[in-house]
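Here's the structure we're looking at; comments come further down.
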Amino acid sequence: MGIMRTTRRAVHNNKGSAVITVVIAMLFVAALGTALLYAAYMGYQIAITERGNKENFYQCSTAMDDIRTGIQNSVTQALAAAYTNTLTKYAVSGEDFDTHTEFSNEFLYRLSLSKVKVNDFDALLFDSAQESGKTKITAYYPSRLSSYTNTPPETLSLGFGGNYEAVTGEVIENTDAGRLLSITMKAISVKFTENGYESEIISDITINIPDFFAKTPTAESLNNCAIIAEGTLVQNSGTNTVINGDIYSGGISVTGEGNRLTFSNSNVISKGDITVSNGGELVYNAPKYELWANKIAAGSPVSGGYPSTIGKLDLSGKIFVADDLVLDGNKGTSVKLQGSYFGFGDGNTPSNSSAIIVNGRDTALDISKLDRLSLAGVSFISIAGQGLNEIGGESYSVPIPMGESLSVKSNQLAYLVPDECINYPSNPYIFSGPIDPLVCEPDTVLWGTKKLSDYLGGGKGEIKALYKNISENEKIAYVFMVFSKHEYANAYFRDYFAAYPEKIEQYLSLYTALSGKSSDAYFDTAGNTFYVSNAGGIPEDDKLTLIPANEKVWTDGVKARYSRMTSPFGDFVNEEALNALPAETELNFVDDNNKTLAIISNKKAVEYVSPSSSIKLIISTNDVSIRAKFSGMILTKGNITVSANIDATGFDSNMVGAHCDINGVRYKLSDFVLSSALSGASSNEYSENSWSPDKLVVYENWTNN
């Protein structure tokens, strides 16, 4: 009985179970907390890993982008050299010259010479071979690509196709019907390793070869073309005439007091001279466009009993001149230049050597707003005379190069022999009686330790003494230094400027108000070339600062480009159909509403005297006169005289069906205008975007690990 009571009490007594429950609960909470802490820790570790991977990939991607940018720079340099060399060959070649093949070959050759720095030494980036006289790039050196990036070398590995022991990588050519389109550097491999993290990118880099283009700005398309005239563009009445649109002409002439010709937002090509005289004025206001001319003359000299006249020029844009810019006339003649001026003729005759020459007194030459003034040539003095010391009086008829680019009058100081070197009181010198024999002392010290013989000795140059009759009893004698090479002439010219800059300024100021600066402009002189920089820092009272410079202007490419700027008349007009017209025929082409859209004529002259909103095209084999406002295009093989404003407009699709019925014959406008012109398309498909570095050098087959 007692035993049963004891057992019953033990069953109903649960005081220890609470402790067990608490212990179990605590263990569960601890386990759960541990699990949560572990999960949080693992999440934190994963986040750190992801961040490390992202940073690692970013560093790897940056290195690859640096490599692409470096290749772009090498490609750009190769393209510049290839384009200029191809253009030079193109200028002297026949019509069958294959520009793209020549350009791509030259480009690959230049690219194959690309060098990078490896341990402070120059090393080739590519391996290449010559096949049938052409350059073929066969491989690249992956390790040398590291010179393009600042990524620490201990973290960067470079290879080919994931193999980081590879010495070379493959380069393939991409062609279409035998035409080389691009080359591809295959499977460039970049691996970045840091702090235990590793990222890898493998990608091809393709280098596209753009199309070579050599068309003139005017010849690219008729959409913005106002005038194509193989003769002269003349403005001699009508006060201010404004032309908006591109121009091609055989020459430009503005004459007459108060007459002004203004070009606005236009490319202007003059294959002949631009002359402004008798009070005329020409304004070129096109900062983003180009003006090309053989020669530019403001004013006119005394000639044939007629007095000199004045002319004014205000040119703002990119100016290219093959020969000289000449200021003739006297007070009132002025030239203002803004933007850039490039005189690119560097020949040995007056007709192909670019200089700025001031021949009139009290004229004004303002070059204060130029960003660059580059003169590749020299001016010449044209003297037909006899040698002073030549028995029998040997005659000279070849113009003597003066050596200066910016010159005043014909007896410029720079290349006349200094007075102290000869026995004449001055140079030039006027004799009223017999001419004294010339004595020249080549050992005369000119400046510092430099002697005259230092500049002329060893075949560098010679002394030429000439005289010319100026009256019945008077002769003027000139004693010249004539150098055998431009480099010798430039050395003397540069040293003379350094020794006597104030003499040049004084002499210039006699004849012209030369505005050589705003407060932030200065000149560099490299022989006979001036550069203007608006980078600041020149004192206000320093009118003309002459600083020696070493840069040489390379003009071959520009000369070649200008030589190919031939008339685009035949590119857009079917001359065979035009020449087949009966003599003295004028066709007025109309639409279905009998509204005149175009005029085609082979009469001696086309007179446009009444404005018409519908006439958009005039084509003539002879002269054209525009005396009323015109919107459209004018193409003529003769001269064009303008006394009213002209605005360029592109071809309208309605013009395609225009027709003219005359003497029982129906003529169609489309028979006379080539299809490329009617559609407004360029005969040379070209987009500036195709030369963009981002389009020339592109990624392909990009993968990352």
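Start counting the sequence shown at 1029; every next residue gets the next number (our numbering). Idealized CB from N, CA, C, for every residue including glycine. Treat the numbers as computed from the prediction; the structure is a model and nothing was measured.
Does the distance between the C-beta of T1260 and the nearest non-hydrogen atom of the ligand ADP fall short of 7 Å? With respect to the ligand ADP, the structure shown offers nothing to examine, as it has no ligands at all.
Only counting the same chain, and skipping five residues up and downstream in sequence, which positions put a Cβ closer than 6 Å to that of S1185? Y1192 and K1219
Using a Cβ distance threshold of 8 Å, determine whether the stretch 1052-1065 contacts the stretch 1136-1154, with at least three qualifying pairs required. no
Looking only at C-alpha atoms, which of Y1495, P1181 and E1502 sits nearest to R1172? P1181
Please give the ranges of any beta strand (DSSP E) in the stretch 1288-1317, keeping only runs that are unbroken, at least 3 residues long and fully inside the region. 1288-1292, 1296-1298 and 1301-1305
Alpha carbon of S1595 to alpha carbon of A1314, nearest angstrom: 22 Å
Just verifying my parser: in three-state terms, what is the DSSP assignment at N1376? Confidence in N1376 is poor, its pLDDT being 48 and thus under 50, which makes the residue's placement unreliable; the coordinate value appears in the next sentence. Under the three-state reduction of DSSP output, N1376 falls in the coil class, being neither helix nor strand.
By the three-class DSSP mapping on this structure, what secondary structure does F1240 have? If DSSP states are grouped into helix, strand and coil, F1240 belongs with coil.
What are the boundary residues of the beta strand (DSSP E) that includes Y1457? Y1457 to F1459
Sort G1308, F1348, C1253 and N1268 by Cα distance to K1299 and report the nearest one. F1348
In three-state DSSP terms, what is E1198? strand
DSSP state of T1112 mapped onto helix, strand, coil: helix
For the alpha helix (DSSP H) containing Y1137, list its first residue and its last residue. Unbroken alpha helix (DSSP H) run through Y1137: T1127 to S1140.
Collapsed DSSP secondary structure at S1537 in the structure displayed: Only weak support exists for where S1537 lies, its pLDDT of 47 falling under 50; the coordinates are left without a value.
Could you give the uninterrupted runs of the beta strand (DSSP E) lying entirely in the stretch 1635-1703, keeping only those of 3 residues or more? 1645-1648, 1651-1654, 1661-1664, 1668-1670, 1687-1690 and 1693-1696
Express the C-alpha separation of G1197 and M1092 in angstroms, rounding to a whole number. 15 Å
Enclosing beta strand (DSSP E) for A1505 [first to last residue]: K1503 to F1511
Span of the alpha helix (DSSP H) around A1605: E1603 to N1607
How is A1106 classed by DSSP in three states: helix, strand or coil? helix
Could you compute how far the alpha carbon of T1097 sits from the alpha carbon of A1676? Answer to the nearest angstrom: the Cα atoms are 41 Å apart.
Rounded to whole angstroms, what is the Cα-Cα separation between V1634 and K1316? 33 Å
N- and C-terminal bounds of the beta strand (DSSP E) containing S1720: Segment: none, S1720 is in no beta strand (DSSP E) and carries neither H nor E.
Let me know the secondary structure DSSP gives D1094 once reduced to three states. D1094 falls in the helix class under three-state DSSP.
Take every Cβ of the stretch 1302-1310, pair it with every Cβ of the stretch 1275-1289, and state whether three or more of those distances are shorter than 8 Å. yes
Between which two residues does the beta strand (DSSP E) holding L1152 run? F1149 to L1152
Leaving out the 5 sequence neighbours to the left and right, which residues in its chain are closer than 7 Å to I1237 when beta-carbon positions are compared? Answer for I1237: S1132, F1135, L1208, L1209 and S1210, listed in chain order.
Cβ pair I1395, D1352 closer than 8 Å: no
Please classify D1651 as buried or exposed, where buried requires at least 16 other C-beta atoms within 10 Å of its C-beta. buried
Is it true that the stretch 1478-1488 meets the stretch 1454-1464, where meeting means three or more beta-carbon pairs spaced less than 8 Å apart? no
So is T1267 buried or exposed if we call it buried at 16+ other beta carbons inside 10 Å? exposed
Excluding sequence positions up to five away, which residues of its chain have a Cβ less than 6 Å from the Cβ of L1310? V1282, L1289, V1304 and L1341
Alpha carbon of G1206 to alpha carbon of S1156, nearest angstrom: 20 Å
With the cut-off set at 8 Å, would you say G990 and G1357 are in Cβ contact? Limits of the chain in this structure are 1029 at one end and 1733 at the other, which puts residue 990 out of reach.
Reduced DSSP category for V1586 - H, G, I as helix; E, B as strand; rest coil: Helix at V1586.
For V1507 versus I1450, is the C-beta distance shorter than 8 Å? yes
Please state whether the Cβ-Cβ distance between E1228 and N1729 is less than 8 Å. no
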